[in-house]
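Going by our numbering, the residue at position 164 of the sequence shown is 190; the numbering climbs one at a time, nothing skipped. Just below is one structure, and these are the notes that go with it.
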Amino acid sequence: MSAPATPLPGALAGLTPLLDHYGYLAVAVLVLLDNGGIPVPGQTILVLASVYAGTGHLSFAAVLVIAFGAASLGNTLGYAIGSTGGRAFVHRWGRYVLLTPARMERADGFFARHGGKVVTVARFVDGLRQTNGIIAGTTEMPWRRFQPFNLLGAALWTAVWGTFGYVAGANIGTVYRTAIRYQLWFAIALGVLVAAFLVRQVVRYRRRRREDADAGTGTDADSGTDERPD
């Protein structure tokens with residue numbers, strides 16, 4: 027197998043020898059590891075394989091099927107790691123990374139309400155793509171709820187980036203750099219939204235504590251009032 031004649035940007039060009047030598051196996055392994063908690067260029071190899079498919083060097087259908095299966099399996103393995111060892115890790119080491127029992131309880135509540143959305147969109151954000159399965163397992167998101175969103179997220183991620191590489195073709199260098207830039211802005215926007223949500227939760231938590239304290243003070247004052255006989 028030989029690389030497409032079109033000049034490729036640095037991130038894609040660096041993976042060209044790997045794809046030339048191992049083809050579909052390289053796609054399967056890197057995508058699986060990337061979705062299973064190990065930060066390797068799984069998304070980049072998916073785009074590059076799709077570019078190869080666009081020039082006739084690989085089957086586009088095979089690239090999509092292999093990437094979808096590897097992404098689904100990788101996230102499933104991450105979930106298994108989180109569900110079997112995540113709680114023990116948090117209980118033993120969580121305090122060193124500011125993950126207190128109270129914060130873990132809030133994380134459980136957040137995933138109970140929004141876990142499906144997180145698992146679906148997480149693959150489009152570096153960092154979350156590698157860890158969302160582990161987090162879902164650690165927060166004890168039910169398996170039957172996790173798996174449909176895992177499959178949906180894998181299908182969307184594979185379709186979007188696979189189609190992107192296949193269609194970009196000769197313009198892959200310029201288009202890829204633009205896409206990465208927009209992905210960065212998307213990640214920043216998502217981070218701002220998460221930060222705003224956390225600030226809102228902290229404000230509400232402090233307000234409730236203040237109201238409870240005021241209510242307790244009022245009760246104490248009432249109970250301490252002297253009752254003198256007429």
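Heads up, the beta-carbon is just placed ideally off N, CA and C, and yes, glycines get one too. Small disclaimer: the values here were computed from a predicted structure and weren't measured.
message = Let me confirm a value: T70 is counted as buried when at least 16 other C-beta atoms fall within 10 Å, else exposed. Which label applies?
response = buried
key: Cβ contact (3+ pairs, closer than 8 angstroms) linking the segment 184-193 and the segment 54-72   = yes
Burial state of I161 (16 or more Cβ within 10 Å) = buried
C-alpha gap between S98 and R232, whole angstroms = 40 angstroms
query = Hey, quick one: how far does the alpha helix (DSSP H) through H83 stretch, first residue to last?
reply = Segment: none, H83 is in no alpha helix (DSSP H) and carries neither H nor E.
key: With 16 other Cβ atoms within 10 Å as the buried cut-off, status of T164   = buried
request  = Can you tell me which of T110, A39 and F172 puts its alpha carbon nearest to the alpha carbon of R139?
outcome  = F172
key: Complete runs of the alpha helix (DSSP H) confined to the segment 39-72 [at least 4 residues]   = 42-48 and 50-61
task = Assign R236 to buried or exposed, taking buried as 16 or more other Cβ atoms, counted over all protein chains shown, within 10 Å of its Cβ.
result = exposed
key: Among G100, D240 and T81, the one whose alpha carbon lies nearest that of G63   = G100
message = Measuring only the C-alpha atoms, how far is W183 from G111?
response = 27 angstroms
task = Have a look at A241, R234, Y192 and A239 and flag the residue whose alpha-carbon is nearest the alpha-carbon of F86.
result = Y192
ask   = Cα separation between D46 and T157?
value = 29 angstroms
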